[in-house]
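Written out below as structure tokens is the structure these notes cover.
Numbering (my numbering), first residue to last: 3 to 171.
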């Protein structure tokens with residue numbers, strides 16, 4: 003169920019919709035195949051053996067589909083990190099600029115901050131916030147602890163690094 007090609011980015015919605023569509027097709031096919039063996043009262047006793055055979059085959063197909071879907075999700079999103087989503091709010095050097103929101107999975111704000119500093123995307127941003135007249139100094143970024151915490155405050159303006167984090171684990 004690979005939905006990306008060369009030069010394409012992951013489209014999570016398409017990935018999830020493909021899994022749902024595939025599952026719905028299996029379900030419809032199963033219901034169509036067992037329909038002749040049931041009536042309003044349930045399984046027709048004279049057809050029970052065939053009904054059980056169809057159900058067993060579809061259970062195997064459903065299990066194989068679940069295994070394939072989980073493998074695709076793990077490949078796309080990585081193995082989930084322990085903890086819950088945390089949003090960290092950072093201010094950079096630009097005067098009056100909106101803060102940067104970063105999302106990672108962690109058990110605390112301190113752990114989230116430590117994880118965030120280990121991720122390449124955050125490191126690149128932090129490096130871009132250095133004083134270019136004195137590049138040997140630390141990046142001029144500030145964690146706004148009062149606005150940082152457990153949960154996802156706003157996905158629209160945030161940098162969700164949970165997939166990058168999961169692939170790092």
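Each residue gets a CB set at the ideal place from its N, CA and C atoms; glycine is no exception.
Note to self: Does residue 150 pass the burial test, meaning 16 or more other C-beta atoms within 10 Å, or should it be called exposed?
What the structure shows: Per the 10 Å Cβ criterion, buried.
Note to self: Give me the DSSP bridge partner(s) of residue 93.
What the structure shows: 144
Next item on the list: Name the two residues that bound the continuous beta strand (DSSP E) containing residue 121.
Entry: Per DSSP, residue 121 belongs to no beta strand (DSSP E) and is neither H nor E.
Checklist line | Every unbroken beta strand (DSSP E) within the stretch 41-120, with a cutoff of 3 residues, ordered by chain | finding: 86-93 and 102-108
Next item on the list: Would you decide whether residue 104 is buried or exposed? Buried here means 16 or more other CB atoms lie within 10 Å of its CB.
Entry: buried
Next item on the list: Name the two residues that bound the continuous alpha helix (DSSP H) containing residue 16.
Entry: 14-36
Notebook entry, point to check: So, are the CB atoms of residue 128 and residue 137 less than 7 Å apart?
Noted result: no
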